[in-house]
Amino acid sequence: MRERWAVLAQYVLPKQVLTQWMGRMAGARGGSWTTAAIRWFVGRYGVDMSEAAEPDVAAYATFNEFFTRALKPDLRPLAQADWVCPVDGAVSQFGSIQSGRIFQAKGHDYSATALLGGDALLAARFDAGSFATIYLSPKDYHRIHMPRAGRLVRMVHVPGDLFSVNPTTARGVPGLFARNERVVCVFEDPQDAQRVWALVLVGATIVGSMATVWHGVVNPPRPGTIRQWDYADQHLLLSQGQEMGRFLLGSTVVLLMPGSLAFDSRWAPEAPVRMGQVMAHDGALGLGA
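The sequence shown runs -16 to 272 under the numbering used here.
Printed below as a string of structure tokens:
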């Protein structure tokens, strides 16, 4: 019953207003107030500041600087794998894309077309492909890295809702990841231009903005219409493990990948993962959702 009420509350909360307000607060230089807020956050969520390149919370001028903090060098070595985990977080779900549908939670799935902002042609390229959904909690490192090398061909900002993203809402909000605001980044394999994959950054309540290394902050603005950037005529090649973006307050990434993959045997729903660990190898699909 408590979970049901938590989901119902998501439908009535003024999510856009909360997100805009939190975005302004997170970017404000509040001096001692900012430091106090960061100290509270570290204690409340158990953030491990010993991993941060700058462990002193007083060194961060804004909450956003703290939230997008860098890690110490070489703290996340890259595994030898076709696909490595792009973020710190917890596995939400993973497995095969069946008849264009992606598994969200028991009783819920959504279409790849909807996730990709209505692009049915792009979604069709992932038929019989694989997906992975990873949730980033407040305590996690919030920079996003490349799961494999790729050449950027397109970025799309898809407007949407701002439901909170966590295991409770995944179980209770139909089509959650295809309803929330998101940034879709499409890459092609440097060795095979016909082989494409997508990394989707999903927003949530109080996620002030999302940013990429090639564009900077994508949102705001939030004009309410789909915006698209074409990079096909540029040679924007990112290597495996390279930073590609970051969340300013939070959320989830969804990966769409071509073909069936053999996921790491340690992967399971809610299992903790770290950037750079083995995610999958090209080949037959292993255990999944």
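Cβ atoms here follow ideal geometry from the backbone N, Cα and C, with glycine treated the same way.
Give me the Cα-Cα distance between G207 and F246, rounded to the nearest whole angstrom. About 37 Å.
Which class does I117 belong to by DSSP, given the choice of helix, strand or coil? Taken through DSSP and simplified to helix, strand or coil, I117 comes out as strand.
Quick check: the Cα distance between F231 and G242, rounded to an integer number of angstroms? With the sequence shown as reference, residue 231 is identified as Leu, and Phe is not the correct amino acid for it. Going by the C-alpha atoms only, they are around 32 Å apart.
Hey, out of V196, K122, R178 and Q87, whose CA is closest to V33's CA? Reading off the sequence shown, one finds Ser at residue 33, where the question assumed Val. The option with the nearest alpha carbon to S33 is K122.
Might you give, ordered along the chain, the residues of its own chain that have their beta carbon closer than 6 Å to the beta carbon of F114, omitting 5 neighbours on each side? Within the same chain, F114 has close Cβ partners I80, I85 and L239.
Of the listed residues Y118, G13, R249 and Q260, nearest to Q223 (C-alpha basis): Residue Q260 is the option with its Cα nearest to Q223.
Cutting at 7 Å between CB atoms, please list the residues of its own chain near R257, excluding the five before and the five after it. Closer than 7 Å at the Cβ level, and outside the excluded window around R257, lie R59, C68 and D71.
Member of W212, F49 and S234 whose CA lies at the smallest distance from the CA of V285: There is simply no residue 285 to check, as the chain begins at -16 and stops at 272 in what is shown.
How many angstroms separate the CA atom of R134 from the CA atom of T18? When the Cα atoms are used, R134 and T18 turn out to be separated by approximately 39 Å.
Go ahead and label A181 buried or exposed: buried means 16 or more other beta carbons lie within 10 angstroms of its beta carbon, across all protein chains shown. A181 counts as buried, since no fewer than 16 other beta carbons sit within 10 angstroms of its beta carbon.
Three-state secondary structure assigned by DSSP to T45: Coil, per DSSP.
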